[in-house]
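Undergrad:
In this note's numbering, the protein residues as written are -9 to 636.
Given below as structure tokens:
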């Protein structure tokens, strides 16, 4: 087979050789450019070259150039026009004008564009301004970071090559420093101010608002020394002291605004029950010569005792039979005493401390309570058995008697928030609003069981009614709507509001104490992490230097009015505002803030943070810190107590 194929090839070569040796050229076909005499073994190769040259096979066509530009690669192109592998030509492909990029390269190009517009991996993305040209450059790290620490962080990022927009510049801080977390929830619909840290000032995280009567609680119980059966209570605006009448012991206990006993004033006669002080009033007219004098109605001794600002008894004035209520008139500078048994009203001049001409004034049956209108000077007397209220004007002239004021009216109180007088009817369990001009009943409000005394809260514009049988306090607004009914210890005939410490004082006769009603330390609408008080005390003793702070707020709004307050030894406050808009994260709709500006500040007992938390929002405050103890500052060689060389 091998020999036959060689014979075939040789015969073909011999035939072709005969054609070309005739030395005839074909100008039309232009196949051959030379003769091939004696070509020998290289005849086939030479023939192939001449055929290619004659056919112009090596000329690059227009379609070839087009295809090369479209489908070519950067790899060398193999020319397959030749059947001989050893002689195939290799040609370079020209670069494309717009080469197709790989998907990862296209992503990087878009990433670089976004990076220039929205920020950098090292900094915080600032979305506070929609104009990229006006975006503020934020410091990438807290000011107390060293360059070495910065370079170390950057080298770690470059080594690990994190995914774009996923690197956390504070990851090292999160790993190396302890974290304190405080979560605060505002359960109300109103914005609440929050105060964190600053244990030295002992400020509440969020004290109740004045209208949060549901947050009333007994904050103190004052035991009355040597006192028996406490009754009437009055607050003196001249010295900010609280006076309590002890009926069976015949004494007056005086408390300061911190509920400490200042003095116990013994009345005469000192034998138990012979004096029987039950009701108190105070001169509230600052221009009066007897401003701040306290008047005591002694129901068994039938006297009015006057106590001066030095807490001494300065006068004892005889009045009618069984004086049971007393009131001071700031318009006429007179003191009015209701005498239960004699059915009349004694009138005492507050300046001369003598009974006036025309005194006593007639009343209805069993007068038991007196109220004064401080604008008109009118006097309202509750006639308990007559179910009526007698009205006198400022000149002690009878104006009218208002009938059918419930059953057994016992007290009358002025409400400065609306200008009306309110009479309490104990047997019908209601309170009656009396018009100050027409002297008619304009409204009736149902209250608790067996109401007796009422008093006004000037700070919050609430009228409080003491209900004796169910031991409740009914709280009434100026529009006569009931805000709340509170169960706060025993209720009796003694009660008063102290505007100097925003507290209510109620006499508890059964336990011989005074219940001081205030507010909860933290509003019931605010809940905070249970371990926060412990953290605050710890930072008070062992200050902490902040490394990083994060605020995470759940809700559509963000924290407002953030301020850092520092209290100096002289009592002044240095305050610095901080806007969270600069630190908002776009991934969480402005609700996550990486606040690096707090880095380097100290949490201790002398500073606090104040901010406002929107209603129905929750904030989690995360603080990474470095804490040190005081002994670290002193050093190991500094003794805490210096030895006495003497």
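Where a beta carbon is used, it is the ideal one built from N, C-alpha and C, also for glycine.
Cutting at 8 Å between CB atoms, please list the residues of its own chain near residue 185, excluding the five before and the five after it.
TA: As a first step, residue 185 is located in the chain shown; it is residue number 195 there, counting from the start. Cβ neighbours of residue 185 beyond the five flanking positions: 193, 194, 195, 196, 598, 599, 600.
Undergrad: Please report the straight-line C-alpha distance between residue 325 and residue 250, rounded to a whole angstrom.
TA: Translated into the one-based positions of the chain shown, residue 325 becomes position 335. Translated into the one-based positions of the chain shown, residue 250 becomes position 260. Distance between the alpha carbons of residue 325 and residue 250 is about 29 Å.
Undergrad: Are the beta-carbon atoms of residue 330 and residue 350 separated by less than 9 Å?
TA: By one-based count along the chain shown, residue 330 stands at place 340. By one-based count along the chain shown, residue 350 stands at place 360. No, they are not a contact pair.
Undergrad: Take residue 310 and list the residues in its own chain whose beta-carbon comes closer than 6 Å to its own, dropping the five residues that flank it on each side.
TA: If you number the chain shown from 1, residue 310 lands on position 320. Once the five neighbours on either side are set aside, the close Cβ partners of residue 310 are 329, 332, 334, 336, 350.
Undergrad: For residue 618, does the count of other Cβ atoms within 10 angstroms reach 16, so buried, or fall short, so exposed?
TA: Mapped onto the chain shown, residue 618 falls at position 628. Exposed is the call here.
Undergrad: Could you give the residue range of the beta strand (DSSP E) that holds residue 339?
TA: Counted from its first residue, the chain shown places residue 339 at position 349. Taken as a continuous stretch (DSSP letters only), the beta strand (DSSP E) holding residue 339 covers 334 to 339.
Undergrad: Where DSSP assigns a beta bridge to residue 597, which residues make up the other side?
TA: What you label residue 597 is simply residue 607 of the chain shown in a count that begins at 1. For residue 597, which the question treats as bridged, DSSP gives the partners 556.
Undergrad: Let me confirm a value: residue 529 is counted as buried when at least 16 other C-beta atoms fall within 10 Å, else exposed. Which label applies?
TA: Position 539 of the chain shown holds residue 529. By the 10 Å Cβ count, residue 529 comes out buried.
Undergrad: Determine, using beta-carbon pairs with one atom in the stretch 207 to 222 and one in the stretch 494 to 512, whether at least three such pairs fall under 8 Å.
TA: The stretch 207 to 222 makes contact with the stretch 494 to 512, as at least three CB pairs between them are under 8 Å.
Undergrad: Using 10 angstroms around the beta-carbon of residue 441, count the other beta-carbons present and answer buried if the total reaches 16, otherwise exposed.
TA: Working through the chain shown from its first residue, we reach residue 441 at position 451. Answer is buried; the Cβ neighbour count reaches 16.
Undergrad: Buried or exposed: residue 378, going by 16 or more other Cβ atoms within 10 Å of its Cβ?
TA: Here the question's residue 378 lines up with position 388 in the chain shown. Buried, because 16 or more other Cβ atoms sit within 10 Å of the Cβ of residue 378.
Undergrad: My understanding is that residue 400 touches residue 414, with C-beta atoms under 8 Å, so please give their C-beta distance in whole angstroms.
TA: Counted from its first residue, the chain shown places residue 400 at position 410. Counted from its first residue, the chain shown places residue 414 at position 424. Residue 400 to residue 414, Cβ: 6 Å. Contact.
Undergrad: Kindly indicate which residue of 161, 165, 303, 171 has the alpha-carbon position closest to the one of residue 522.
TA: Here residue 522 refers to the residue found at position 532 of the chain shown. Ranking 161, 165, 303, 171 by Cα distance to residue 522 puts 171 first.
Undergrad: Across which residues does DSSP place residue 206 in a beta bridge pair?
TA: The sequence position of residue 206 within the chain shown is 216, counting from 1. DSSP lists 509 as partners of residue 206.
Undergrad: According to the neighbour-count rule (16 or more other Cβ atoms, all chains shown, within 10 Å of its Cβ), is residue 396 buried or exposed?
TA: Here residue 396 corresponds to residue number 406 of the chain shown, with the count starting at 1. Buried, since its Cβ has 16 or more Cβ neighbours within 10 Å.
Undergrad: Any contact of the stretch 513 to 521 with the stretch 482 to 499, i.e. 3+ C-beta pairs under 8 Å?
TA: no
Undergrad: Starting from the C-beta of residue 345, find all residues in its chain whose C-beta is less than 7 Å away, skip the five residues before and the five after it, and write them out in chain order.
TA: The residue given as residue 345 occupies position 355 in the chain shown. For residue 345, where only same-chain residues beyond five positions count, the Cβ hits under 7 Å are 307, 336, 337, 338.
Undergrad: Measuring CA to CA, which of 492, 524, 607, 273 is closest to residue 541?
TA: Taking the chain shown and counting its residues from 1, one reaches residue 541 at position 551. Comparing Cα-Cα distances from residue 541 to each of 492, 524, 607, 273, the minimum goes to 607.
Undergrad: For residue 616 and residue 536, I'd like the C-alpha separation in whole angstroms.
TA: In the chain shown, the residue the question calls residue 616 occupies position 626. In the chain shown, the residue the question calls residue 536 occupies position 546. About 6 Å.
Undergrad: Which word fits residue 248, buried or exposed, when buried means at least 16 other C-beta atoms lie within 10 angstroms of its C-beta?
TA: Against the chain shown, residue 248 aligns to sequence position 258. Result: exposed.
Undergrad: Please work out which residues of its chain come closer than 6 Å, Cβ to Cβ, to residue 190, disregarding the five sequence neighbours upstream and downstream, and give them in chain order.
TA: Here residue 190 corresponds to residue number 200 of the chain shown, with the count starting at 1. Excluding positions up to five away in sequence, the list reads 595, 596.
Undergrad: Are residue 725 and residue 343 touching if we call contact CB-CB under 9 Å?
TA: For the chain, the structure presents residues -9 to 636; residue 725 sits outside this window and is missing.
Undergrad: Any idea what DSSP makes of residue 501, helix, strand or coil?
TA: Taking the chain shown and counting its residues from 1, the one referred to as residue 501 is at position 511. In this structure, residue 501 counts as coil in the three-state DSSP scheme.
Undergrad: Restricting to runs no shorter than 3 residues, where is the beta strand (DSSP E) found entirely within the stretch 208 to 252?
TA: 220 to 226, 231 to 236, 241 to 245
Undergrad: When the Cα of residue 463 is compared with those of 471, 438, 420, which residue comes out closest?
TA: In the chain shown, counting from the first residue as 1, residue 463 sits at position 473. The shortest Cα separation from residue 463 among 471, 438, 420 belongs to 438.
Undergrad: Find the nearest neighbour of residue 285 within the set 263, 327, 320, 254, judged by alpha-carbon distance.
TA: Mapped onto the chain shown, residue 285 falls at position 295. Looking at the Cα atoms, 327 is the closest of the given residues.
Undergrad: Can residue 255 and residue 223 be called in contact, C-beta distance under 9 Å?
TA: For the purposes of this step, residue 255 is taken as the residue at position 265 of the chain shown. For the purposes of this step, residue 223 is taken as the residue at position 233 of the chain shown. In this structure, the beta-carbon distance from residue 255 to residue 223 does not fall below 9 Å.
Undergrad: If you drop the 5 nearest sequence neighbours on each side, which residues of the same chain put their C-beta closer than 7 Å to that of residue 374?
TA: To locate residue 374, count along the chain shown from 1; it is residue 384. 356, 358, 398, 399, 400.
Undergrad: Below 9 Å between beta carbons: does that hold for residue 383 and residue 371?
TA: Within the chain shown, the letter at position 393 stands for residue 383. Within the chain shown, the letter at position 381 stands for residue 371. No.
Undergrad: For residue 205, I'd like the list of residues in its chain whose CB is within less than 7 Å of its CB, leaving aside the five on either flank, ordered along the chain.
TA: For this step, residue 205 is matched to residue 215 along the chain shown. Counting only Cβ-Cβ distances below 7 Å, and skipping sequence neighbours, we find 198, 509, 510, 513, 514.
Undergrad: I'd like to know whether the C-beta atoms of residue 485 and residue 494 end up nearer to each other than 9 Å.
TA: As a position in the chain shown, residue 485 is number 495, starting the count at 1. As a position in the chain shown, residue 494 is number 504, starting the count at 1. Cβ atoms of residue 485 and residue 494: closer than 9 Å.
Undergrad: Using 8 Å for Cβ pairs, my map puts residue 301 next to residue 253. What's the rounded Cβ distance?
TA: Numbered from its first residue, the chain shown carries residue 301 at position 311. Numbered from its first residue, the chain shown carries residue 253 at position 263. That belief holds up - the Cβ atoms of residue 301 and residue 253 are roughly 5 Å apart, short of 8 Å.
Undergrad: Measure the alpha-carbon distance for residue 235 versus residue 268 and round it to whole angstroms.
TA: Here residue 235 refers to the residue found at position 245 of the chain shown. Here residue 268 refers to the residue found at position 278 of the chain shown. Computed Cα separation, rounded: 6 Å.
Undergrad: Going by alpha carbons, who is nearest to residue 229 out of 520, 489, 409, 459?
TA: As a working mapping, residue 229 is identified with position 239 in the chain shown. Minimum Cα distance to residue 229 is reached at 489.
Undergrad: Around the Cβ of residue 406, are there at least 16 other Cβ atoms within 10 angstroms (buried) or fewer (exposed)?
TA: For the purposes of this step, residue 406 is taken as residue 416 along the chain shown, with counting starting at 1. The residue in question, residue 406, is exposed, as its Cβ has fewer than 16 Cβ neighbours within 10 Å.
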